[in-house]
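Protein chains: 2
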Amino acid sequence: MIQELKDNYGHLFEEALLNEINQVGTFKEVSEGQKLMDIGDYVRAMPLLVSGAIKILREDNDGDELLLYFLEKGDTCAMTLTCCIGQTKSEIRAIAEKDTKLIMVPIQKMEEWSTKYKSWRNFVFESYHNRLNEMLETIDSIAFLKMDERLLKYLNEKARVSDNNIIHNTHQEIAYELHTSRVVISRLLKKLENLGKIELHRNHIVIKDI
Amino acid sequence: MIQELKDNYGHLFEEALLNEINQVGTFKEVSEGQKLMDIGDYVRAMPLLVSGAIKILREDNDGDELLLYFLEKGDTCAMTLTCCIGQTKSEIRAIAEKDTKLIMVPIQKMEEWSTKYKSWRNFVFESYHNRLNEMLETIDSIAFLKMDERLLKYLNEKARVSDNNIIHNTHQEIAYELHTSRVVISRLLKKLENLGKIELHRNHIVIKDI
DNA sequence: GCTATAGTGTAACCATTGTTACCGTACACC
DNA sequence: GGTGTACGGTAACAATGGTTACACTATAGC
Chain A
4 MIQELKDNYG
14 HLFEEALLNE
24 INQVGTFKEV
34 SEGQKLMDIG
44 DYVRAMPLLV
54 SGAIKILRED
64 NDGDELLLYF
74 LEKGDTCAMT
84 LTCCIGQTKS
94 EIRAIAEKDT
104 KLIMVPIQKM
114 EEWSTKYKSW
124 RNFVFESYHN
134 RLNEMLETID
144 SIAFLKMDER
154 LLKYLNEKAR
164 VSDNNIIHNT
174 HQEIAYELHT
184 SRVVISRLLK
194 KLENLGKIEL
204 HRNHIVIKDI
Chain B
4 MIQELKDNYG
14 HLFEEALLNE
24 INQVGTFKEV
34 SEGQKLMDIG
44 DYVRAMPLLV
54 SGAIKILRED
64 NDGDELLLYF
74 LEKGDTCAMT
84 LTCCIGQTKS
94 EIRAIAEKDT
104 KLIMVPIQKM
114 EEWSTKYKSW
124 RNFVFESYHN
134 RLNEMLETID
144 SIAFLKMDER
154 LLKYLNEKAR
164 VSDNNIIHNT
174 HQEIAYELHT
184 SRVVISRLLK
194 KLENLGKIEL
204 HRNHIVIKDI
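Chains as they are written, first to last, in my numbering: chain A, 4 to 213; chain B, 4 to 213.
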């Protein structure tokens with residue numbers, strides 16, 4: 004595990020902290036589609052992403068979903084951080100977007116490291132910063148963009164995260180994440196195909212012109 | 004200033020920290036409608052709210068606005084925190100919702116106090132936590148609610164923040180903050196009046212049934 | 001009092017998105 | 001190969017919200 008740590012967090016943390024993480028952290032692999040956390044769950048450990056990607060979703064009382072953002076390697080979940088401290092329940096759902104490796108750190112260490120390591124404090128603050136900005140991005144999209152623009156942005160983001168210009172999703176799945184209906188997505192995708200931006204196939208979409 | 008500090012932050016911070024804040028902080032009063040910070044501004048000090056309220060707004064490239072949330076006494080601006088550290092520009096606009104008193108703390112102290120005072124660290128984390136949750140609330144509203152529900156929520160929130168069931172705003176102003184048009188707001192307000200929930204007057208609205 | 005202006009009410013119309021319904025096709029499973 | 005199911009295309013319609021246009025009224029400034 005120490006190698007993964009050094010590769011992904013070596014530029015952030017000093018040797019001593021890396022060693023501490025190595026001692027108390029547990030390595031975890033999750034496969035695509037697996038749920039890491041759900042709304043209402045209590046949080047007992049903090050994830051440090053080593054590889055892969057995790058999507059963070061919000062859900063309302065009627066069960067309607069909405070994709071908030073993705074976590075990638077080098078990221079951690081800011082929601083978790085605050086939940087740890089306040090002992091509150093999770094407000095979001097986390098699902099592996101693809102096969103993902105992460106290191107789980109027990110929450111008790113949070114406080115201790117915040118005192119001891121400046122790099123840890125900076126990492127935590129930076130994390131909050133990134134997450135807040137991603138939330139702003141999300142708000143911008145929902146508030147200011149029309150559905151076709153949101154869809155295009157979504158497709159590009161998906162392609163970027165999966166590092167692949169082929170998106171393996173059904174129209175229904177896309178509709179869930181953008182909180183709209185399958186028919187609307189099919190309609191807009193067809194329009195994008197006619198514009199030459201994508202190619203539609205059963206169960207996957209090829210991004211041609213990003 | 005020390006009295007205001009003790010009244011509003013005495014339960015959070017220890018004596019020593021209160022004294023430090025008192026020494027390096029500067030007292031500031033802003034009147035309703037005054038702009039505290041704009042998008043693109045660099046941030047040099049961190050505000051601790053003593054009384055009043057500040058509204059936080061987001062704007063897109065076309066100049067369309069959207070209300071994100073309110074800051075009230077005991078709050079600080081999490082955006083500021085991250086901007087301080089990263090030396091990045093503000094992503095949001097802050098305008099006094101009513102006459103407001105605050106204490107400005109120079110950003111250099113942030114790092115120092117984070118090492119020295121556990122209560123400061125907790126305050127900062129708590130702050131992030133609250134702001135993230137407020138952003139989630141905002142996302143919920145935009146994504147899952149219809150305009151009439153959003154309007155009702157907005158009116159209630161305004162009434163709560165101003166501690167007054169009379170809201171002194173024109174329909175146009177409300178439209179800006181909800182990112183819609185004046186006509187839509189007038190239409191929906193009239194509907195709410197017909198339902199007996201509010202009373203419409205020139206330049207103000209009375210909330211009857213919250 | 002007269003006038004200009006800001007604020008509000010309302011109708012008519014349009015654009016976008018959501019809903020329902022139905023069809024054809026690919027694919028897995030038998 | 002036959003069948004059931006999931007996936008996607010599309011039409012028709014409804015609902016919501018945005019736009020334009022215009023009328024009326026309260027108020028401020030003269």
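Backbone N, C-alpha and C define an ideal beta-carbon position, used for all residues, glycine too.
Unbroken beta strand (DSSP E) run spanning residue i, endpoints
i	result
E202(A)	I201 to H204
I57(A)	A56 to E62
R96(A)	R96 to A99
T103(B)	T103 to P109
Y72(B)	E68 to E75
Three-way DSSP call (helix, strand, coil) for residue i in this model
i	result
M4(B)	coil
H182(A)	coil
L139(A)	helix
H14(A)	coil
I170(B)	strand
V53(B)	strand
V46(A)	coil
T91(A)	coil
K31(A)	strand
8 Å Cβ cutoff met for residue i and residue j
i	j	result
S130(B)	A81(B)	yes
N11(B)	V53(B)	yes
L154(B)	L198(B)	no
I95(B)	F30(B)	no
M49(B)	I5(B)	no
V33(A)	T103(A)	yes
F147(A)	D212(B)	no
I57(B)	L71(B)	no
L135(A)	T85(B)	yes
L158(B)	I201(B)	yes
D151(B)	D63(A)	no
D44(B)	K92(B)	yes
F16(B)	V164(B)	no
L51(A)	T79(A)	yes
V27(A)	V108(A)	yes
L8(A)	Y120(A)	no
Start and end residues, alpha helix (DSSP H) containing residue i
i	result
V187(B)	R185 to N197
L154(A)	M150 to S165
E35(B)	Unbroken run through E35(B): none, as it is neither H nor E.
Legend entry - Any 3 or more C-beta pairs closer than 8 Å across the segment 193-211 of chain A and the segment 164-181 of chain A: Segments in contact, yes.
Legend entry - Stretch pair the segment 29-43 of chain A + the segment 127-142 of chain A: three plus CB contacts closer than 8 Å: With a cut-off of 8 Å on Cβ pairs, the segment 29-43 of chain A is not in contact with the segment 127-142 of chain A, counting fewer than three such pairs.
Legend entry - contact_flag[the segment 117-127 of chain B, the segment 113-127 of chain A] where n(CB pairs < 8 Å) is 3 or more: The segment 117-127 of chain B vs the segment 113-127 of chain A: in contact.
Inset, instruction - Name, going along the chain, the residues of the segment 178-196 of chain B whose beta-carbon falls closer than 8 Å to a beta-carbon of chain A. - result: Cβ contacts with chain A: H182.
Inset, instruction - Would you list, in chain order, the members of the segment 140-165 of chain B that have their beta-carbon closer than 8 Å to a beta-carbon of chain A? - result: Here the close residues are T141, I142, D143, I145, A146 and F147.
Legend entry - Under 7 Å (Cβ pairs) to chain A, residues found in the segment 32-65 of chain B: Near chain A, meaning a CB-to-CB distance below 7 Å, the residues of the segment 32-65 of chain B are R61 and D63.
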